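K.L.:
Chains A and B, in that order, are what the protein sequence lines are.
In terms of our numbering, the first sequence opens at residue 246 and continues consecutively.
In terms of our numbering, the second sequence opens at residue 246 and continues consecutively.
Glycine included, C-beta positions come from ideal geometry on N, C-alpha and C.
Predicted model, so just to flag it, every value in this text is computed and none were measured.
Number of protein chains: 2
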Amino acid sequence: MSKAVPLALGSTIGILGGGQLGRMLALAAARLGFKSHVYSDDPDSPAFEVTSRATHGGYGDLPHLETFAQQVDVVTYEFENVPVEAARHLAGLVPVRPGARALEVAQDRLVEKQFLADLGIPVAPFAEVSHRRDLVAALTRFDAPSILKTRRLGYDGKGQVALTPDADAGAAVAALGHRAAILEQRLRFAFEVSVLVVRGLDGAVAIYDCPTNSHEGGILRRSVVPAALPPSAVASAQDLAKRIAVALDYVGVLAVEMFYMGDGALPALVVNEIAPRVHNSGHWTTDACGCGQFENHIRAVAGWPLGSTARHSDAEMLNLIGDEVDRWAELAAEPGLCLHLYGKREARTGRKMGHFTRLKPRASGA
Amino acid sequence: MSKAVPLALGSTIGILGGGQLGRMLALAAARLGFKSHVYSDDPDSPAFEVTSRATHGGYGDLPHLETFAQQVDVVTYEFENVPVEAARHLAGLVPVRPGARALEVAQDRLVEKQFLADLGIPVAPFAEVSHRRDLVAALTRFDAPSILKTRRLGYDGKGQVALTPDADAGAAVAALGHRAAILEQRLRFAFEVSVLVVRGLDGAVAIYDCPTNSHEGGILRRSVVPAALPPSAVASAQDLAKRIAVALDYVGVLAVEMFYMGDGALPALVVNEIAPRVHNSGHWTTDACGCGQFENHIRAVAGWPLGSTARHSDAEMLNLIGDEVDRWAELAAEPGLCLHLYGKREARTGRKMGHFTRLKPRASGA
Chain A
246 MSKAVPLALG
256 STIGILGGGQ
266 LGRMLALAAA
276 RLGFKSHVYS
286 DDPDSPAFEV
296 TSRATHGGYG
306 DLPHLETFAQ
316 QVDVVTYEFE
326 NVPVEAARHL
336 AGLVPVRPGA
346 RALEVAQDRL
356 VEKQFLADLG
366 IPVAPFAEVS
376 HRRDLVAALT
386 RFDAPSILKT
396 RRLGYDGKGQ
406 VALTPDADAG
416 AAVAALGHRA
426 AILEQRLRFA
436 FEVSVLVVRG
446 LDGAVAIYDC
456 PTNSHEGGIL
466 RRSVVPAALP
476 PSAVASAQDL
486 AKRIAVALDY
496 VGVLAVEMFY
506 MGDGALPALV
516 VNEIAPRVHN
526 SGHWTTDACG
536 CGQFENHIRA
546 VAGWPLGSTA
556 RHSDAEMLNL
566 IGDEVDRWAE
576 LAAEPGLCLH
586 LYGKREARTG
596 RKMGHFTRLK
606 PRASGA
Chain B
246 MSKAVPLALG
256 STIGILGGGQ
266 LGRMLALAAA
276 RLGFKSHVYS
286 DDPDSPAFEV
296 TSRATHGGYG
306 DLPHLETFAQ
316 QVDVVTYEFE
326 NVPVEAARHL
336 AGLVPVRPGA
346 RALEVAQDRL
356 VEKQFLADLG
366 IPVAPFAEVS
376 HRRDLVAALT
386 RFDAPSILKT
396 RRLGYDGKGQ
406 VALTPDADAG
416 AAVAALGHRA
426 AILEQRLRFA
436 FEVSVLVVRG
446 LDGAVAIYDC
456 PTNSHEGGIL
466 RRSVVPAALP
476 PSAVASAQDL
486 AKRIAVALDY
496 VGVLAVEMFY
506 MGDGALPALV
516 VNEIAPRVHN
526 SGHWTTDACG
536 CGQFENHIRA
546 VAGWPLGSTA
556 RHSDAEMLNL
566 IGDEVDRWAE
576 LAAEPGLCLH
586 LYGKREARTG
596 RKMGHFTRLK
606 PRASGA
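1) Do you know offhand how far A/F387's Cα is from A/V381's?
2) Indicate whether at least one CB of chain B lies closer than 8 Å to the CB of A/G445.
3) Mind listing which residues of the region 289-315 of chain B have their C-beta closer than 9 Å to chain A's C-betas, in chain order?
4) Let me confirm a value: A/S477 is counted as buried when at least 16 other C-beta atoms fall within 10 Å, else exposed. Which label applies?
5) Do you know how far the Cα of A/R544 is from the Cα of A/A253?
6) Under 8 Å by Cβ, that's how I've got B/N541 and B/A482 pegged, so tell me the actual separation to the nearest angstrom.
7) Between the region 252-283 of chain A and chain B, which residues of the former have a C-beta closer than 9 Å to a C-beta of the latter?
8) What would DSSP say about A/A520, mapped onto helix, strand or coil?
9) If you run the structure through DSSP and keep just helix, strand and coil, what is A/H423?
10) Listed from N- to C-terminal order along the chain, which residues in the region 587-598 of chain A have their beta-carbon within a distance smaller than 9 Å of any beta-carbon of chain B?
11) Start and end of the alpha helix (DSSP H) containing B/N541?
12) Output yes if chain A places a C-beta closer than 8 Å to the C-beta of B/H542; else output no.
13) Does the structure place the region 356-371 of chain A close enough to the region 560-570 of chain A that three or more beta carbon pairs sit under 8 Å?
14) Answer with buried or exposed for B/G599, where buried requires no fewer than 16 other C-beta atoms within 10 angstroms of its C-beta.
15) Using only CA atoms, which one of B/E357, B/I566 and B/L582 lies nearest to B/A594?
16) Taking only beta-carbon atoms, is A/W549 less than 8 Å away from chain B?
17) Give the straight-line distance between the Cα atoms of B/L421 and B/A592, rounded to the nearest whole angstrom.
18) Name the chain C residues that come within less than 7 Å of B/H557, Cβ to Cβ?
19) Kindly list, in the order they appear in chain A, the residues whose Cβ is closer than 7 Å to that of B/A545.
20) Which residues of chain A have a Cβ atom closer than 9 Å to the Cβ of B/V570, listed in chain order?
21) Given this structure, state the Cα-to-Cα distance separating A/R276 from B/V406, to the nearest angstrom.
22) Report yes or no: is there a C-beta of chain B within less than 8 Å of the C-beta of A/W529?
23) Between A/L446 and B/T602, what straight-line distance do the alpha-carbon atoms span, to the nearest angstrom?
24) Just list the beta strand (DSSP E) runs in the region 447-489 of chain B, keeping only unbroken ones of 3 residues or longer that don't cross its boundaries, in chain order.
25) Roughly how many angstroms lie between the CA atoms of B/D287 and B/G262, to the nearest whole one?
26) What is the rounded straight-line gap between the Cα of B/V515 and the Cα of B/I489?
27) Please confirm whether A/Y304 and A/V319 have their CB atoms less than 8 Å apart.
28) Does A/A611 have its Cβ less than 8 Å from a Cβ in chain B?
29) Could I get the ranges of all uninterrupted alpha helix (DSSP H) runs contained in the region 296-373 of chain A, with 4 residues as the minimum, in chain order?
30) Going by other Cβ atoms of all chains shown within 10 Å of its Cβ, with 16 needed for buried, is B/P308 buried or exposed?
31) Flag this pair as touching only if the region 493-509 of chain B and the region 334-353 of chain B have three or more C-beta atom pairs under 8 Å; answer yes or no.
32) With A/G497 as the anchor, note down where its beta strand (DSSP E) starts and where it stops.
33) Roughly how far, in whole angstroms, is the beta-carbon of A/L348 from the beta-carbon of A/V329, given that I think they are within contact range, below 8 Å?
34) Quickly, what does DSSP pair B/D413 with across the bridge? List them, please.
35) Between A/A347 and chain B, is any beta-carbon pair separated by less than 8 Å?
36) Using a C-beta to C-beta distance shorter than 7 Å, which residues of chain A count as neighbours of B/L604?
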């Protein structure tokens, strides 16, 4: 299929991953008249409920993936830990958007940091940690608080350990099971923001307004838009995100998490990490924008024109984690609150069960 | 199940009918974490695509309906021609909302008109037409342009014939296949509006702002909100709709189509017909309100609190009928336009294939 050709009406979008992001992608695809085929290794996937087409299979199971590829017109993914080899194999059969390159970069924190640094994008000082001795050297070199993270498969604060310069390096590498790791210097920043950028198949770029994000226990708790950023920092944040999307020849929604270092700091923004997918910190876009992140991701991977990222309201998005979902009745009764529940059976501790957005009229000038 | 008990998180909503309304109801249910089970007599139902639970069966097929009832926690419907006996049978097994009574009233134009008249609600002069002689008498009595309509199963202008007082009554009843009919006097009105009212299980009522509707060839073409109604007429329209919902002990979204007779006319509004379901003239609510008609219908039938019907934008909704859907690329590219496509395979003449909403900032005071 030529890059220039949009998918026909009623085409089938293949989605790797069956969590809430896959579910909301499938719902957005349905609004545009597309079919969805969800592929997941979890037979209880919330996304399986919202489509008639589903495959339960492993992400490394090539025969299942090949059958899946034959039944869809494009493949996208809802999470960055799809095996790169699987994505490359699929890409030989059907367009995969965003591509395998974005996965490769995003699934290894060291590769990601090096990729960003090579683009001249500000990142925290970092060092590869394969052995205890690497960690000892890096702790000495940074001489500042830092975080040791596994290079792969960490999310929501898992696979991380905070260290002081005099920490016991042996205990730290043991705590991460001696897995390949990266040490990142902890920065003192004013607050965290993210940029949701969407890039179309034709290279068109649209960017949502930046939210400020706050976390609890390593899990996103709250995103508020607009962020209290000076206009120059907004422009800079958007420019950084756009450069990353272009460098990856990216198609779809890309989330770029950044630290705002504070007024007058240089650089004003430091990129923390990227997520090659729709992102929790962009959930408010569904309620506060003409075209939300899920629909825009579908438009992009389908080769359709991007939708408007313009925001009609100010917004605050909060996650419902674990048994917080039991607040549904009170939240559903709150006027003007937009409630989104994921249909997950068990409200396990730390599990994202839903989210809600409170809308407010736009503050003038915001 | 007691009337007061809301459905639990993750319950299953049974939907009779698999067209675009059923599809959009299922999508709204999914946003609230509900499962949907769609029951339709059409194996190609667009709503089948957006859920993992579907039954292909006839609306009079009691064994299939009983199995369906066992698999769902509540039954609702997307169209008013569900057989009343089927609805009553289901209601013995599982809550059916809105109830069979609303179907009974809405599926027979004569019963509907009489029901409205008995409530003291203004309707056009009407007469039962079982035989040619009834029609001759009614044409003479009205001595004005009128419309002969089948009592049952007409929609989108089908099963109707416009008559002058001197029309050939025999030809007219023959044109409708001698089916039981109703003659309605044609009124000269300023424009048509509709009221979308939603009533909760607890009797709470919320009402969307009235759109003005225009039709072409008997099919809704365009709804614009707000309608150019004086405030007294808005209040009166909302009061009429609310009285109808209360009289039916209604649960869910009810659409009431009315003629606005013009400034100074008495009555200012005449009710044309009701639809006991979400309605095409309410499609703009999804894009212009905090909680659209589909979500509010699901909330109501689930016994959940109603969502806010407040409107953040002015809106114009247009249907995409037949091959107009081929305009999708141009429409998808229009900034601020919200596009909804139904995933129907064949763009047959007169078939509703999608719709779109153009949003504008609210005019002050509107």
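P.N.:
This is what the structure gives:
1) Straight through space, the alpha carbons of A/V381 and A/F387 are spaced by roughly 10 Å.
2) no
3) P291, F293, E294, V295, T296, S297, R298 and A299
4) Under a 10 Å Cβ-count criterion, A/S477 is classified as exposed, with fewer than 16 other Cβ atoms of the shown protein chains found around its own Cβ.
5) 12 Å
6) The pair is not a contact, with the Cβ atoms about 18 Å apart (cut-off 8 Å).
7) So the list reads L254, G255, R268, M269, A271, L272, A275, R276, L277, G278, F279, K280 and S281, given in the order they occur along the chain.
8) Three-state result, A/A520: strand.
9) coil
10) Listed by position, the residues of the region 587-598 of chain A near chain B (Cβ gap below 9 Å) are Y587, G588, K589, R590, A592 and M598.
11) Taken as a continuous stretch (DSSP letters only), the alpha helix (DSSP H) holding B/N541 covers Q538 to V546.
12) So no, B/H542 is outside the interface.
13) no
14) buried
15) Checking the sequence, you will find Thr at residue 594 of chain B rather than Ala. The option with the nearest alpha carbon to B/T594 is B/I566.
16) Judged by the 8 Å Cβ criterion, A/W549 is in contact with chain B.
17) 27 Å
18) In the displayed structure, chain C is absent; the protein chains listed are A and B.
19) Those do not exist, as B/A545 stays about 12 Å from chain A at its closest Cβ, beyond 7 Å.
20) Taking the beta carbon of B/V570 as reference, the chain A residues within 9 Å of it are L254 and G278, listed in sequence order.
21) 36 Å
22) no
23) Just so you know, the alpha carbons of A/L446 and B/T602 end up roughly 25 Å apart.
24) If we require 3 residues or more, the beta strand (DSSP E) runs fully inside the region 447-489 of chain B come out as 450-452, 457-461 and 464-470.
25) B/D287 and B/G262: Cα-Cα distance of roughly 9 Å.
26) Spanning the two alpha carbons is a distance of roughly 13 Å.
27) no
28) Only weak support exists for where A/A611 lies, its pLDDT of 42 falling under 50; the coordinates are left without a value.
29) 307-315, 329-336, 345-351 and 354-363
30) So B/P308 counts as exposed.
31) yes
32) G497 to Y505
33) Yes, they are in contact, since the Cβ atoms of A/L348 and A/V329 sit about 5 Å apart, within 8 Å.
34) Answer by DSSP bridge pairing: none, since B/D413 is not bridged.
35) Chain B contact via Cβ: absent.
36) G535
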